[in-house]
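Each residue of the sequence shown is one higher than the one before, starting from 36 at the first, in this note's numbering.
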Amino acid sequence: MIGALRIAGMGLLLVASPSTAQEDSAPTRIFSCHFVRSEREAAHPTLQEDLRIVQSGSPYDATGRWTLSWPGQAPLTAEPFEASFGSVGGSVGLQWTATNGKAKKAFISFSDIHSDNDRIYFWLSLDRPSLWQSPGYVCGARSAEPSGAKS
């Protein structure tokens, strides 16, 4: 929403409403994710990035913006939705339409362990909720910065 102020007969000055300003200051997090096929593989992860997620706003509710990027594919925007499936650290669902037109879903289970440096970790499973059981993606935030900042 845009508001207007009249300045001593000099015309109108357009200013951003508080909701726009708050959106602009929402932190942006970049999550690097590794695909895990088994518990054994989870114990010995590689540094290969199998999925990158850029997220802004609060990651813990269904209001943030999520962009998913798999290597060699165009980034896609996923819409968050409320998903509660017993995750102690909290959960959220994501939905999008694949390039072939099929509806896709992912389910995120946040870790209940919080680090001193505000790092966020979660498990992402495709098509069905999962509480950190493979196969799926283990993801960790690489950075958090205000929106609009260059990375």
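A virtual CB, placed ideally from N, CA and C, is assigned to each residue, including glycine.
For residue i, three-class secondary structure by DSSP
i	result
Glu114	strand
Gln57	With a pLDDT of only 39 at Gln57, under 50, the local geometry of the prediction cannot be trusted, and the value read off the model is given with reservation. Helix at Gln57.
Arg64	strand
Arg87	strand
Arg75	helix
Ala176	strand
Ala133	coil
Ser122	coil
Thr265	Past the boundaries of the shown model lies residue 265; the chain is included only from 36 to 186, so the question cannot be answered.
Ser104	strand
Ser165	coil
Ile143	strand
Whole-angstrom C-beta distance between residue j and residue i, which should lie under 8 Å
i	j	result
Trp105	Leu86	6 Å
Cys174	Ser67	7 Å
Ala118	Ser91	Not quite, the Cβ-Cβ distance comes to about 19 Å (not below 8 Å), so this is no contact.
Buried or exposed by the 16-neighbour rule on C-beta atoms within 10 Å, applied to residue i
i	result
Pro3	Only positions 36 to 186 of the chain appear in this structure, which leaves residue 3 out of reach.
Ala109	exposed
Thr63	buried
Phe120	exposed
Gln83	exposed
Gly171	buried
Ala138	exposed
For residue i, the nearest candidate out of the options (CA to CA)
i	options	result
Trp131	Arg154, Gly171, Ala113, Ile88	Ala113
Asp96	Arg154, Val127, Trp158	Val127
Gly125	His69, Arg163, Phe157, Asn135	Phe157
Leu111	Phe70, Leu161, Arg163, Thr134	Thr134
Arg163	Ala176, Tyr172, Lys140, Val89	Lys140
Ile65	Ile155, Ala118, Val123, Glu117	Ile155
Ile148	Val123, Gly136, Leu159	Val123
Within-7 Å CB hit, residue i to chain B
i	result
Pro170	Included in the structure is just one protein chain, with no chain B present.
request  = Answer yes if the stretch 159 to 169 comes into contact with the stretch 141 to 150, meaning at least three C-beta pairs across the two stretches below 8 Å, and no otherwise.
outcome  = yes
inquiry  = I'd like to know if the stretch 93 to 100 and the stretch 67 to 74 are in contact, where contact means that at least 3 CB-CB pairs between them fall below 8 Å.
reply    = no
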